[in-house]
Every structure is written in structure tokens, then in C-alpha cells.
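Residue numbers (my numbering): 5 to 419. Backbone N, C-alpha and C define an ideal beta-carbon position, used for all residues, glycine too. Owing to the predicted nature of the structure, the values given are computational and were not obtained by experimental measurement. Working notes, beginning with the structure itself.
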Ligand code: TMP
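Shown next as C-alpha cells:
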């Protein structure tokens, strides 16, 4: 392991408690999005412990092994626009937020934290709102600016917010799949407090811990995702900054996501959904360590079953390739030691990933066209399982030719 670019955090990210309990160990892994070039295959890769901890005081599930964010995000290969379901999701998202919170405003202003290639902001722009993106990855913020989506190439912070409000405050701040990446949650919430208009709304989407645990989505745990949110710890976080959660709505993307609505205190009526989520989390036992220990046992079983199935298929002379070179796929491959001896290659629609190799397992990533040649006796291990319906529909011919998809979670299954 390279110690450079890495620290071990000692206290809870929300409540500063030291009552932190190890609940799952996924071993030492390279950062899940750090695809490598051919000429790097023989060099040693940086690997870091990937372990999940649970705070016994505020119940936040989190990583304490922190890889330097400059190292993780400066060149980033996840592009929103590469996944059609996400583009569709964003279109509807912008329309819904517009109707509910922006339409009546004179000159609405939307700021997005972690705006990626500008996909969501471009939808808000089409609706006539003023927009600003904050995006730390230089390659992505350049792309967004080239398509006239004004983007600041920096990490979000309270300092950046102080700069922005010199021109104006935000009517709506959005953040999707980004809060989990933030190390300093206190500074983030302080930034939101500064940036929001008096009646402004902060809307964020996070994968829901309860779905992760119930569906054994262990491969969504990686160094970039520092926190795995449920509602109980989030309530504690927002209240430290005079903010409150006034609504929670479930979304189906990314294997189970929550859209959470936050405002300054006493601005919006609190929807019943908030109490429903809180009660449900207590009744499931999110405040007790046994809930998490059971999850860990289930993951160990899943790993064993998946490896056994892959070895059996190999013995039957089936040829296996991966479908979707997702970050979560890299976690699964590394955790289960599935390398280029087992998978021939991985097909993926993201052109910037083509010609690269998966971190740790060194499987080559190629264009999806290759699947046209595949069929009988071929197995596609679905690493982008969050797009299962869309991919199965798109690849019906592969299955008609006798190919099968292997869905790895929550239980390995051949379709
Ligand atoms: P994500 O789960 O982080 O969005 O990553 C999914 C990966 O799968 C991403 O690299 C794009 C890829 N992908 C395909 O190759 N084909 C598809 O049809 C879809 C929806 C995604």
C-alpha cells in the first residue's frame, strides 16, 4: 500500500464520536475509477484499505480510510451523459424541480455541486433558469464549459459559496450522488447555509443505505463514497446548521436512491414522509450493530457463491466477458479476485474508457460492438447491474443467439 495520498480518520464525520465499529472489510483495493493505460500494466498500483465502519452514536455508516481527493477526482472517467437512464432521470428531475420550486420565481438561480459534464444543468438552462456548476474534475468542467454550461473547476466549499453570493444567492442548490463523496460534511452544510436564499431549497440525491444492505449492493462501497446515508444521521447533520429535512422521496436509479429536500428552519411544512422514514429505520434496527453484522455475513456468502459459479462456467468451457466497466464493477472484481484469467474483456459505452484496463484486475475495456459477435456459450457478467432492464432489452439478440447474462447481486443468477 502507498501511504502517500491516504489518511485514517479517527472520528465520525457527522457527530465526531469515536464509537466507531468495523462492520465490513473489502480488503485493499485500488481506487475504483482509476482505470490504467496499457503502458502502466507492469507498474505497481496504489491500493488502500476499503473498510466500512458504523458510528454507534449517530449511526452514520462510513469509510475512515480516506484517499486524497485530488488523487481520486482530478481525472475522472465517470460521465453522466454516457448512461441514458441517468440522462432521462435528469430531464424529469429538472422539470419536476422547476414546477415545484422555480416557476414562480422572478429570476431563479440553480447551483449544482459536482455538476459533472453539465447534463442536469443543461436541462435547467433549457427551462430558462440561470445556472452555475461546481465541478472539481478538470476534464469534465472543461467539457461542460465548452457546451456553455458555466462551471467553476473547483471543489465545493463554504469559501466558494462566499464568492458566489457576492453576485447572488441560490434559489435551489442540487447535488446528486456527490454528498457521499464529501469528507468535510460540516463545511458542506455551512456552504449550503450561506448559499441558499432565505426561502431556498437544497435538494440532494444519495443512494439509500437500507437498499444497499437489503440488496447486498456491497460493490457500491468504494473509496470515493465516504458516507452511506440513512435518515437518522442526516437529521443530526442538518440541524447543526439551522436546516431541516422537509421531504424525502424514493427514486429507483442507482439501485435505490433518496431525493432529500432541505430548507432553512420553518420555511416549508414537514411532509409525513420524514416521520415514516425515521420510524422505519428504527424498526429495521439501523441503531443496532447486529443489523450490520448480518449484512457482512451475507456478503461473504455472496462472494463464495459467485466465485464457485464462475469457476464452474469456466470448467464447462464457457467464455465469460464483463458488461459495463463501472466503478462498482471494479470493487466486485477486486473483492472476488476476478481478473483477466476469468473475464476476456469488458464492454462499455464510455469512449474515454476504451483501450484502458481495469484497476487491480487488468481486464481490457472495449466498445460494446464486440457483443454482436457473441452468443452461444457466452456469458456476460453484468457489472452495471443498476441498468439491468435497459441492458437486457438492448441486448435481446445476444440472448436470442444463446448468450446468457450473469447477474451478480443480490444472488448470482443466470438469465
Ligand atoms: P455507473 O453504474 O457508475 O453509471 O456505470 C455504468 C457503466 O456502464 C458506465 O461506464 C457506462 C456503462 N454502460 C454501458 O456500457 N452500457 C449501457 O447500456 C449503460 C446503461 C451503461
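Compute the beta-carbon to beta-carbon distance between residue i and residue j, rounded to the nearest angstrom, for a pair I have assumed lies under 8 Å.
{"i": "residue 306", "j": "residue 415", "result": "7 Å"}
{"i": "residue 138", "j": "residue 156", "result": "5 Å"}
{"i": "residue 184", "j": "residue 231", "result": "5 Å"}
{"i": "residue 347", "j": "residue 311", "result": "Between residue 311 and residue 347 the Cβ distance is about 13 Å, and since that is not below 8 Å, they are no contact."}
{"i": "residue 367", "j": "residue 350", "result": "5 Å"}
{"i": "residue 123", "j": "residue 91", "result": "6 Å"}
{"i": "residue 89", "j": "residue 364", "result": "Actually they are not in contact, since the Cβ atoms of residue 89 and residue 364 sit about 27 Å apart, beyond 8 Å."}
{"i": "residue 247", "j": "residue 269", "result": "7 Å"}
{"i": "residue 240", "j": "residue 18", "result": "6 Å"}
Is it true that the CB of residue j sits closer than 8 Å to the CB of residue i?
{"i": "residue 174", "j": "residue 195", "result": "no"}
{"i": "residue 115", "j": "residue 133", "result": "no"}
{"i": "residue 102", "j": "residue 136", "result": "no"}
{"i": "residue 329", "j": "residue 292", "result": "no"}
{"i": "residue 12", "j": "residue 69", "result": "yes"}
{"i": "residue 251", "j": "residue 277", "result": "yes"}
{"i": "residue 238", "j": "residue 176", "result": "no"}
{"i": "residue 264", "j": "residue 249", "result": "yes"}
{"i": "residue 242", "j": "residue 193", "result": "yes"}
{"i": "residue 221", "j": "residue 180", "result": "no"}
{"i": "residue 127", "j": "residue 98", "result": "yes"}
{"i": "residue 32", "j": "residue 51", "result": "yes"}
{"i": "residue 418", "j": "residue 385", "result": "no"}
{"i": "residue 395", "j": "residue 317", "result": "no"}
{"i": "residue 121", "j": "residue 154", "result": "no"}
{"i": "residue 3", "j": "residue 234", "result": "The chain is shown from 5 up to 419; residue 3 falls before or after that span and cannot be answered."}
{"i": "residue 372", "j": "residue 352", "result": "yes"}
{"i": "residue 228", "j": "residue 401", "result": "no"}
Among the options, whose alpha-carbon lies nearest the alpha-carbon of residue i?
{"i": "residue 299", "options": "22, 163, 27, 11", "result": "27"}
{"i": "residue 187", "options": "49, 159, 361", "result": "159"}
{"i": "residue 67", "options": "94, 85, 29", "result": "29"}
{"i": "residue 361", "options": "326, 167, 389, 72", "result": "326"}
{"i": "residue 226", "options": "24, 59, 9, 335", "result": "335"}
{"i": "residue 223", "options": "21, 388, 314, 405", "result": "388"}
{"i": "residue 201", "options": "172, 218, 410, 250", "result": "172"}
{"i": "residue 167", "options": "378, 210, 198", "result": "198"}
{"i": "residue 219", "options": "386, 412, 243, 129", "result": "412"}
{"i": "residue 55", "options": "24, 61, 45", "result": "24"}
{"i": "residue 63", "options": "10, 21, 117, 52", "result": "21"}
{"i": "residue 61", "options": "16, 331, 373, 95", "result": "16"}
{"i": "residue 65", "options": "117, 145, 214, 359", "result": "214"}
{"i": "residue 10", "options": "408, 234, 71", "result": "71"}
{"i": "residue 42", "options": "303, 397, 369", "result": "369"}
{"i": "residue 407", "options": "397, 399, 379, 58", "result": "379"}
{"i": "residue 162", "options": "76, 154, 254, 189", "result": "189"}
{"i": "residue 341", "options": "308, 234, 352, 302", "result": "308"}
{"i": "residue 337", "options": "229, 19, 37", "result": "37"}
{"i": "residue 217", "options": "228, 245, 260", "result": "260"}
{"i": "residue 59", "options": "49, 401, 322, 296", "result": "296"}
{"i": "residue 262", "options": "182, 405, 381, 272", "result": "182"}
{"i": "residue 284", "options": "271, 322, 212", "result": "212"}
{"i": "residue 129", "options": "315, 145, 112", "result": "112"}
{"i": "residue 271", "options": "304, 315, 206, 49", "result": "206"}
{"i": "residue 117", "options": "142, 178, 282", "result": "178"}
{"i": "residue 44", "options": "57, 359, 165, 377", "result": "359"}
{"i": "residue 280", "options": "254, 304, 14", "result": "254"}
{"i": "residue 377", "options": "403, 315, 355", "result": "403"}
Collect the residues with a C-beta less than 7 Å away from any heavy atom of the ligand TMP and give them in sequence order along the chain.
82, 86, 87, 88, 89, 90, 258, 327, 328, 329, 330, 331, 332, 351, 352, 353, 354, 357, 372, 388, 390, 391, 394, 395, 398
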